[in-house]
Amino acid sequence: MKSPRVNPRRQFFRDSIGSLSTVALSSMLATELAAQTKSKSLHGTHFPAKAERVVMVFCSGALSHVDTFDFKPELIRRDGQPLPGNERLVSFQGPNGNLTAPLWKFRPRGECGKMVSDLVPNIGELADEICFLHSLTNKSNTHGPAENVLNTGFAFDGFPSMGSWISYALGSANENLPTFVAIEDPRGMPQSGPNNWANGFLPAEFQGTPFSTAKPIRFLNRPNSITPETDTASRELLTFLEREAI
């Protein structure tokens, strides 16, 4: 009668790690397959989705559209004239002055003949590869409400941003990373602040994660107002409560 085989300790750990690796790989492949299947089943749009990732460069108070890509011949013809109509409009800077033509000349670019000013000649060379939207309008010329309208669709606070709606509708192929992030300008935030990437009334998991050069991830370090002893005691309490719950 043969004695039962006794596995050495190293062999036991080798087999265990191999089994766990197989389970983990199967889970990862299943998640990836589910994400691919979900993305292929999204036929609610007019055209098949091709983009896997999007980088949106949002420039609040950036270059004037009439000096870059929005060619307005009538504005050139009315250069130096007062605003049409009998209304005396007043802005934050005081009464409005006369109309001013673009400071740079426009010329057709690319095969499409898109009119682009000499201010951005390098971008003008790519006119055939860029989609220009000149049909957007807004009732407010104030930066804060206008930022809300652009990124949420509403002038008031409390509505989900564009990235939050996309995350809510399409989901994400990863489990441990945010669906989208917001890289802030180191000189300051937009006037409407986090509304530009906030989740609004959607669950918090759909909000954007803000990054910055000064503090890449906020609240990563212990605040100065909390002592190391208090921090350690809080962690021990959380560990105790977690064990009690399990």
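Numbering-wise, numbering that gives the first Met the number 0 puts 47 at position 48 of the sequence shown, and it's gapless, one number per residue. Think of the CB as a built atom: it goes at the ideal place given N, C-alpha and C, for glycine as much as any other residue. Bear in mind the structure is a predicted one, so any value in this text is a computation, not a measurement.
Residue nearest to residue i in terms of C-alpha spacing, selected from the options
i           : options            : result
residue 164 : 219, 196, 128      : 196
residue 258 : 62, 117, 182, 189  : Coverage of the chain is limited to positions 0 through 245, which leaves residue 258 absent and any answer about it impossible.
residue 53  : 161, 60, 230       : 161
residue 74  : 102, 59, 56, 58    : 102
residue 166 : 117, 180, 124      : 180
residue 122 : 169, 237, 109, 222 : 109
residue 71  : 170, 243, 116      : 116
residue 51  : 172, 202, 198, 63  : 172
residue 80  : 66, 67, 95, 141    : 95
residue 131 : 226, 237, 69       : 69
residue 55  : 97, 77, 150        : 150
residue 92  : 202, 223, 198, 140 : 140
residue 194 : 220, 153, 170      : 153
residue 67  : 106, 49, 87, 97    : 106
residue 114 : 242, 203, 222, 65  : 65
residue 202 : 222, 170, 98, 60   : 170
Extent of the continuous alpha helix (DSSP H) run through residue i
i           : result
residue 229 : 227-244
residue 177 : Neither: residue 177 is in no alpha helix (DSSP H) and is coded neither H nor E.
Backbone secondary structure at residue i - three-state DSSP
i           : result
residue 166 : helix
residue 197 : coil
residue 161 : helix
residue 105 : strand
residue 252 : This structure does not reach residue 252, given that the chain is present from 0 up to 245, and the question cannot be answered.
residue 143 : helix
residue 41  : Legend: pLDDT at residue 41 = 40, less than 50; position of this residue unreliable, value from coordinates given subsequently. The answer is coil: DSSP assigns residue 41 none of H, G, I, E or B.
residue 123 : helix
residue 210 : strand
residue 93  : strand
residue 154 : coil
residue 192 : helix
residue 184 : coil
residue 62  : coil
residue 54  : coil
residue 132 : coil
residue 86  : coil
residue 203 : helix
residue 219 : coil
Same chain only: Cβ atoms within 8 Å of residue i, ignoring 5 sequence neighbours per side
i           : result
residue 200 : 157, 158, 159
residue 124 : 108, 109
6 Å CB neighbourhood of residue i in its chain, flanking five on each side removed
i           : result
residue 38  : Only weak support exists for where residue 38 lies, its pLDDT of 47 falling under 50; the coordinates are left without a value.
residue 191 : 143, 146, 147
Span of the beta strand (DSSP E) around residue i
i           : result
residue 250 : One cannot answer for residue 250 here, as it falls past the ends of the chain, which runs 0 to 245.
Neighbourhood of residue i by C-beta distance below 7 Å, restricted to the same chain and skipping five residues each side
i           : result
residue 40  : Summary for residue 40: the model assigns pLDDT 40, below 50, so the residue's position carries little reliability, and this model does not support an answer.
residue 227 : none
Residue i: CB within 8 Å of a non-hydrogen atom of the ligand ZN
i           : result
residue 219 : Absence of the ligand ZN is noted for the structure shown, with no ligands found whatsoever.
Contact between the region 196-213 and the region 167-182 (3+ Cβ pairs under 8 Å): These segments touch.
Inter-stretch contact at 8 Å, needing at least 3 Cβ pairs: the region 229-240 / the region 183-190: Segments in contact, no.
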